[in-house]
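First the structure, in the form of structure tokens, and then the observations on it.
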Amino acid sequence: KQEVTQIPAALSVPEGENLVLNCSFTDSAIYNLQWFRQDPGKGLTSLLLIQSSQREQTSGRLNASLDKSSGRSTLYIAASQPGDSATYLCAVGADRGSTLGRLYFGRGTQLTVWP
Amino acid sequence: GAGVSQSPSNKVTEKGKDVELRCDPISGHTALYWYRQSLGQGLEFLIYFQGNSAPDKSGLPSDRFSAERTGGSVSTLTIQRTQQEDSAVYLCASSFGGRADTQYFGPGTRLTVL
């Protein structure tokens, strides 16, 4: 079974810092990988989706990389802002038969950016 | 346009009662998913619909859990004879095509079983 681990579990930084959130997964047979943001009491917002054939995706201040063979992904947040405070979830999509595309989630990194 | 909506937003019930949770996906999205997020746990997949059929329901934790989707749109997740361990946030998501597409999540239903 696919296992997804996110490090660190929590992170507290001052505004303006550049951040790296880490995600690792045990089965490299993935279809894609997504990074989500979850705000308290709300659902998940998709930030970036990387197909298994891609190495990275960028959106504004966010950059996500994927190294499928080593089972790792990183989410880079540039020039962090208090509005970035949220829980960031990594999810990998399965690449096998009937479970194709099924998402397996990590437990998230809780980020706090203080002014 | 409207996103994924779920109702109710909060549900408190007594152990042993049945509950129904509703999900309205984004219009035109053919795929629909249910997940559960328990305190201290990650998000767990429950069931996946493509149209009205459920090709993957392997995540349903027991036969007390069932789900249906009608008209390729609204879905209902039913939990019979609720137990305290069923307390969680139940999230619904939809995607335009198959499972490999970006999933858009609703705000969730917080279920508390007393």
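The listed protein sequences derive, respectively, from chains G and A. The numbering of the first sequence is this note's numbering, which starts it at 2 and goes up by one. The numbering of the second sequence is this note's numbering, which starts it at 5 and goes up by one. Yeah, the Cβ is synthetic: ideal placement off N, Cα and C, and Gly gets one too.
query: C-beta neighbour in chain A for Arg108/G, strict 7 angstroms; result: yes
query: Nearest residue (CA-CA) to Ser13/A, options Thr116/A, Gly112/A, Leu118/A and Val117/A; result: Gly112/A
query: Every unbroken alpha helix (DSSP H) inside the region 14-91 of chain A [4 residues or more]; result: none
query: Cβ neighbour criterion (16 or more within 10 Å) applied to Lys43/G; result: exposed
query: Cβ of Pro29/A within 7 angstroms of any chain G Cβ; result: no
query: Member of Phe49/A, Asp67/A and Gly101/A whose CA lies at the smallest distance from the CA of Thr82/A; result: Asp67/A
query: Contact check, Gly109/G vs Asn33/G, beta carbons under 7 angstroms; result: no
query: Cβ-based contacts, 8 angstroms cut-off: residues of the region 62-92 of chain G near chain A; result: Leu90 and Ala92
query: Cβ-Cβ separation, Leu12/G to Leu45/G (assumed contact under 8 angstroms), whole Å; result: The Cβ separation is near 19 angstroms, so there is no contact.
query: Neighbour-count burial assignment, Phe106/G, 16 or more Cβ in a 10 Å radius; result: buried
query: Nearest-angstrom Cα separation, counted from Gln87/A out to Glu24/A; result: 14 angstroms
query: Residues from the region 43-62 of chain G in contact with chain A, defined by Cβ distance under 7 angstroms; result: Lys43, Gly44, Leu45, Ser47 and Leu50
query: Span of the beta strand (DSSP E) around Thr75/G; result: Arg73 to Ile78
query: DSSP three-state assignment for Gly102/A, whether helix, strand or coil; result: coil
query: Between the CA atoms of Asn64/G and Tyr77/G - distance to the nearest angstrom; result: 5 angstroms
query: Phe37/G beta carbon less than 7 angstroms from that of Gly121/G; result: Outside the modelled stretch of chain G, which goes from 2 to 116, sits residue 121/G, for which no answer is possible.
query: Own chain partners of Thr113/G with C-beta closer than 6 angstroms, once the 5 adjacent residues on each side are dropped; result: Ser13 and Ser86
query: Cys27/A versus Val8/A - alpha carbon distance; result: 7 angstroms
query: Whole-Å CB distance - Gly32/A paired with Arg85/A, under 8 angstroms assumed; result: The Cβ separation is near 36 angstroms, so there is no contact.
query: Close-in-space but distant-in-sequence residues of the same chain around Tyr37/A (CB under 6 angstroms, 5 per side omitted); result: Tyr52 and Ala97
query: Every unbroken beta strand (DSSP E) inside the region 41-65 of chain G [3 residues or more]; result: 45-52 and 57-60
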